[in-house]
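Residue numbers (our numbering), protein chains in the order written: chain L, 1 to 335; chain B, 1001 to 1335.
Have a look at this one:
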């Protein structure tokens, strides 16, 4: 380990999340003594600016992780499956943003505001970063779960296109220049003026894998396998920030006033909730900031003792890059 | 009453829904012997083409309804409050698309596939057309309610901008030419690349009036005041067709197979549900067609015996104009 800073590898450094990881590391003044940007063959040799210097992209290899203190992975599940253990064996703390390791019982699934303690001694040296839509939801639900024990969650998402990667954003911008009207052909490939549900489907249950992540990751992070989750995930014509309409029932009744008070004191949460005066969080408000925004906290008109709320967060920051860097800060920079 | 056709007044004939009413009347060959297009003062004298003729717009007045057989209203609640009774007193059957009369106990609230019988002898001569988001939901839920008695509905909507009128669509198209990035100023006035909840708020409950309509109108139309509804309504950057993520619980358990079979036989419904092969309804599919599209019918992974589904309908057609014309057809054209 270097004395004055950390040697940090970012795997997938040229992708949307990788780029956001570099921005977050710089903004938060994470002590990086040496950066190893890793990407696919066609990016090798490309220069990546970071902290007033250019760093050359290298291909992934065992050597690339030599003496690395921290390896942040965001290059897809196949790359993570193969290379996270290699980086960990070389002694790096590995924080993986893919789905590869999330449900592995030997890999902590961590949102620092919720369960940093479970990540302190990762048996395989790997810590999994949860899925974007799960992270923002559990940040907001954790204080309520602690107070009243959540029994059931019904969640419908409004997910931004940047979650599907840089190419999806480009495709969308091109579509958007054209017409918003219905057209012939396959509407399930058009997002401009449309809504899509194009995540991979688990045929047995009829749920999208994105939806099953909301079920399984929420249980693992909150440490309660008995929480029921009824999810619907939808891609909307928004570039950045996921929004979620969330309905919850708890073991004991809880009202909006108590929930608002809990959320106002919760780390990583900003309450934006004066709805009678038109104040509530939108994706444009959440894009580019760190906090998860919560509004429309209300007593569920359909279920006495239950709650409804609206949770909005930047899917690239808290939903991915920021959460990964916060994990590293929590484990490497504090004693 | 004319012998060969009906004298039909359309109040709000120049609006988005009024125009759609004229299109639907023509497409369905509703027997119109004379058209009285009624609109605000600034449109008076304007020519409205309908059935190979031009008809002059007139202002609203008692005289305008003389000998009218059918008056279709879509000009806002204030106009309907004042003028529906006048038209009815003149002997017209009044079908009102505004919210003015919907919850009046003497006014039937009608979706023909669900409860046409309740509209046969309207005490005031007025029949209310329900709100767009309610209509498509009850068309899909009616056969399930009949079979298994729905006890609870959690619904999150993805509502199209045409529901807010022609000017809102124009504003959106202008925004859409610009940037989708976050900008300074009030994000709650920007819909391009954003999500809004800008319906009027009931301060006591914290719900939008649009949400309370889903609660109250659903109960009235299904004739069951004990159904619990937990709604969230959201405006999305889509021009036409509302989508709804719906989670239901019934008095007896019901599975996806039974629900799909019921929906395949339900009037006004088209099941588009082969999700493992990427087949599900989108707003672009629903825009411009009559049927309510239902897909993603699945056993609720969070609640044994419950269901989740995705309901998409053209908010201007079945959600407004078509439903109003169908009411008129059911009451005036069949014996």
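Each residue gets a CB set at the ideal place from its N, CA and C atoms; glycine is no exception.
- For residue 1310 of chain B, the uninterrupted beta strand (DSSP E) segment begins and ends at 1307–1313.
- One Cα belongs to residue 331 of chain L, the other to residue 312 of chain L, and the distance between them is close to 27 Å.
- Comparing C-alpha distances from residue 216 of chain L to each of L/232, L/149, L/145, L/134 shows the shortest one belongs to L/134.
- Classified as buried, residue 298 of chain L has 16 or more neighbouring CB atoms from the shown chains inside 10 Å of its CB.
- With the criterion set as a beta carbon lying under 8 Å from some beta carbon of chain B, the members of the segment 187–204 of chain L are 187, 188, 190, 193, 194, 195, 196, 197, 198, 201, 203, in sequence order.
- Listed as beta-bridge partners of residue 1159 of chain B by DSSP are B/1235.
- The beta carbon of residue 18 of chain L sits closer than 7 Å to those of 10, 12, 74, all from its chain and outside the five residues before and after it, given in chain order.
- Taking 8 Å as the CB threshold, residue 1162 of chain B stays off the interface with chain L.
- Your pair residue 1316 of chain B and residue 1162 of chain B checks out as a contact, with CB atoms roughly 6 Å apart and the cut at 8 Å.
- With 16 or more other Cβ atoms from the protein chains shown falling within 10 Å of its own Cβ, residue 1234 of chain B counts as buried.
- Residue contact check for residue 1152 of chain B against chain L: a CB pair falls below 8 Å.
- Residues of the segment 212–238 of chain L with a Cβ closer than 7 Å to any Cβ of chain B, in chain order: 215, 228, 229, 230, 232, 234, 236, 237, 238.
- The bridge partners DSSP lists for residue 1207 of chain B are B/1202.
- Assigned with DSSP and collapsed to three states, residue 1139 of chain B falls in helix.
- Less than 8 Å divides the Cβ of residue 1190 of chain B from the Cβ of residue 284 of chain L.
- Here residue 1059 of chain B is near residue 1044 of chain B, since their CB atoms are less than 8 Å apart.
- By the neighbour-count criterion, in which a residue is buried when 16 or more other Cβ atoms sit within 10 angstroms of its Cβ, residue 1061 of chain B is exposed.
- A Cβ-Cβ contact shorter than 8 Å links residue 57 of chain L with residue 46 of chain L.
- Here residue 217 of chain L carries a helix assignment [DSSP, helix/strand/coil].
- Residue L/112 holds the alpha-carbon nearest to the alpha-carbon of residue 139 of chain L among L/42, L/112, L/155, L/324.
- The three-state reading of DSSP puts residue 1145 of chain B in helix, counting H, G and I together.
- When the alpha-carbon of residue 41 of chain L is set against those of L/49, L/14, L/28, the nearest one is in L/14.
- Ranked by Cα distance from residue 1126 of chain B, the options B/1100, B/1236, B/1143, B/1147 are led by B/1100.
- Counting only residues of its own chain and dropping the five nearest sequence neighbours on each side, residue 281 of chain L has a CB closer than 6 Å to the CB of 272, 293, 295, 312.
- In the three-state scheme derived from DSSP, where H, G and I count as helix and E and B as strand, residue 1250 of chain B is classed as strand.
- A Cβ-Cβ distance of about 11 Å is found for the pair residue 1128 of chain B and residue 1105 of chain B, leaving them out of contact under the 8 Å criterion.
- With respect to chain B, the C-beta atom of residue 31 of chain L has no partner C-beta closer than 8 Å.
- The C-beta separation of residue 32 of chain L from residue 5 of chain L comes to about 6 Å, placing the pair in contact by the 8 Å criterion.
- Less than 8 Å divides the Cβ of residue 254 of chain L from the Cβ of residue 305 of chain L.
- Below the 8 Å Cβ cutoff, chain B contributes no neighbours of residue 14 of chain L, its closest Cβ being approximately 21 Å away.
- Of all residues in the segment 1302–1315 of chain B, the ones placed with a Cβ closer than 8 Å to any Cβ belonging to chain L are 1302, 1303, 1306, 1308, 1310, in chain order.
- Taking a 10 Å sphere around the C-beta of residue 1333 of chain B, we find fewer than 16 other C-beta atoms and assign the residue as exposed.
- With a 10 Å radius around the Cβ and a threshold of 16 neighbouring Cβ atoms, residue 1213 of chain B comes out buried.
- Membership of residue 1258 of chain B in any beta strand (DSSP E) is not indicated; the residue belongs instead to the alpha helix (DSSP H) covering 1256–1264.
- If you look at residue 289 of chain L, you'll find it isn't in any beta strand (DSSP E); DSSP assigns it neither H nor E.
- The beta carbon of residue 1122 of chain B lies closer than 6 Å to those of 1108 in the same chain, with the five residues before and after it left out.
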